[in-house]
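Protein chains in written order, with the numbering used here: chain A, 5 to 203; chain B, 344 to 596.
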């Protein structure tokens, strides 16, 4: 929804303007940190990854292609991969029992309850069936591959694939109504930001 | 190719979250270029993924400034323009201006205080001088009125053969209790000598004391009531009990 904000940020980063990092931080730092924290449970390590993600985004901004993906998607991918690299380098074990994953996730959800921004989405997720909930958590939030997810949940890979898709589709359906308003809002914001930068 | 089946396979979700290999990603991107439907689906998934992850945002444990510093301090990133750093400070310009103004006002105030103090001192001195002058003025007026009073008598002492051009003036009041002597007509006395004023009463000289010649001051002395004439002789410093008549310079009655 913030495509135009993204254009501004991208432009600033390419021209090596610090304001780009500031805007990047204001728009995405908490979300990116959320992504990292679900994969790297240690706060200190998650913080290191967050720093590195910002550095990587800044250093590699010229390899970002706006025609292929949103800036957020690109940054989220960097965060996800950096987080996965971190736990692998730290000898984290991905192979835990389903029970453990569930417990781990429940524990984490409680731990970060206070910082969750949009409880509406959380409610939507909680309304999904058990398998879908687990798939959302493992695949979208904890950086599991579909194969790893299938192994963990002891489900056929094909089922995981279709359910991965269905889970997000269901969420997307529920969120459709909000789209138009957000587009108008985003245009207004972009206009303001441009004026601020150009003035 | 069956696009619907391709979309339904779940590969696009994997693509968006970054779970595919470089090669697989390139293949998806090729499909996006080729099929608008795929491109649109990827965009929809991106929006959904962003919404989902935003719901699980956690407060970043580092501040904006810390992130900036981290990026700045990393070698090779020293080229970040300081432009934005400056622009961050320019709103403080009026504050700095005000600060400088305040300091300069403080110093000029200090200087003004010092000048005022100097002026005050000068004023006090002038005041004192003025008071003295006024007092002197009053005194002079009193003398003037004393001298021009019809009750006063002016006695001109004329030069003797010893000093024909010498003269002196004695002003005597009515009861002769007080006299003023103007000595500016006398030649300067040689060293070791001093002039002495005498009153002559019934033929006897009465000592009225020695004095120094002055061109600007009247010499005031107690008068000798009943004196008929006055004379001035040159005596040794400190004066003599009897006048040295050979050294009489002026005399008058």
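Even glycine gets a Cβ: it sits at the ideal position worked out from N, Cα and C.
Test: residue i CB closer than 8 Å to a CB of chain A
i, result
"residue 383(B)", "no"
"residue 396(B)", "yes"
"residue 457(B)", "no"
"residue 364(B)", "no"
"residue 378(B)", "no"
"residue 360(B)", "yes"
"residue 422(B)", "The predicted model places residue 422(B) with a pLDDT of 48, which falls under 50 and marks its position as unreliable; any figure quoted below should be read in that light. True, the Cβ-Cβ gap to chain A drops below 8 Å."
"residue 413(B)", "yes"
"residue 454(B)", "no"
"residue 369(B)", "no"
Opposing strand residues paired with residue i [DSSP bridges]
i, result
"residue 496(B)", "515(B)"
"residue 343(B)", "Any answer about residue 343(B) is impossible in this case: the structure gives chain B only from 344 up to 596."
"residue 565(B)", "521(B)"
"residue 647(B)", "Past the edges of chain B, shown from 344 to 596, lies residue 647(B), and the structure says nothing about it."
"residue 554(B)", "538(B)"
"residue 543(B)", "548(B) and 572(B)"
"residue 579(B)", "536(B)"
is_contact[residue i, chain B] using C-beta, thresh 8 Å
i, result
"residue 92(A)", "no"
"residue 2(A)", "Outside the displayed range of chain A (5 to 203) lies residue 2(A), so it cannot be described from this structure."
"residue 194(A)", "no"
"residue 9(A)", "no"
"residue 157(A)", "no"
"residue 47(A)", "yes"
"residue 43(A)", "no"
"residue 166(A)", "yes"
"residue 136(A)", "no"
"residue 3(A)", "Beyond the ends of chain A as shown, which are 5 and 203, falls residue 3(A); an answer cannot be given."
"residue 64(A)", "no"
"residue 33(A)", "yes"
"residue 86(A)", "no"
Residues near residue i in its chain [Cβ-Cβ closer than 7 Å; skip 5 each side]
i, result
"residue 62(A)", "17 and 25"
6 Å Cβ shell around residue i - same chain, five flanking residues per side excluded
i, result
"residue 23(A)", "16"
"residue 521(B)", "566"
"residue 381(B)", "374 and 375"
Residue i Cβ short of 7 Å to the ligand PLP heavy atom set
i, result
"residue 375(B)", "No copy of the ligand PLP occurs in the structure displayed, which carries no ligand at all."
Contact set for residue i: own chain, Cβ-Cβ below 8 Å, skip 5 residues either direction
i, result
"residue 491(B)", "none"
Assess, as a yes-or-no matter, whether the segment 534–543 of chain B is touched by the segment 570–582 of chain B under the definition of 3 or more beta carbon pairs within less than 8 Å.
yes
Decide if the segment 429–449 of chain B is in contact with the segment 64–82 of chain A; the criterion is three or more beta carbon pairs, one per stretch, under 8 Å apart.
Fewer than three beta-carbon pairs drawn from the segment 429–449 of chain B and the segment 64–82 of chain A are found closer than 8 Å, and the two stretches are therefore not classed as touching.
Is the segment 346–365 of chain B in contact with the segment 45–64 of chain A, if contact means three or more CB pairs nearer than 8 Å?
no
I'd like to know if the segment 488–504 of chain B and the segment 564–575 of chain B are in contact, where contact means that at least 3 CB-CB pairs between them fall below 8 Å.
Here the segment 488–504 of chain B makes contact with the segment 564–575 of chain B; the two share three or more CB pairs at distances below 8 Å.
Validate contact between the segment 137–146 of chain A and the segment 159–178 of chain A using beta carbons, cut 8 Å, 3 pairs
yes
Let me know the alpha helix (DSSP H) ranges lying completely inside the segment 41–106 of chain A, each 4 residues or longer, listed in chain order.
If we require 4 residues or more, the alpha helix (DSSP H) runs fully inside the segment 41–106 of chain A come out as 47–63 and 75–93.
Would you check if there are 3 or more beta carbon pairs closer than 8 Å linking the segment 355–372 of chain B to the segment 381–396 of chain B?
yes
Those runs of the beta strand (DSSP E) which lie wholly inside the segment 440–510 of chain B and span at least 3 residues:
496–502
Is the segment 508–526 of chain B touching the segment 583–595 of chain B, taking contact as three or more C-beta pairs under 8 Å?
The segment 508–526 of chain B, when compared against the segment 583–595 of chain B, does touch it at the 8 Å Cβ threshold.
Counting Cβ pairs closer than 8 Å, one from the segment 526–533 of chain B and one from the segment 556–565 of chain B, do we hit at least three?
In this structure the segment 526–533 of chain B touches the segment 556–565 of chain B; the number of beta carbon pairs closer than 8 Å is three or more.
The segment 78–92 of chain A in contact with the segment 34–44 of chain A per 3-pair CB rule at 8 Å
yes
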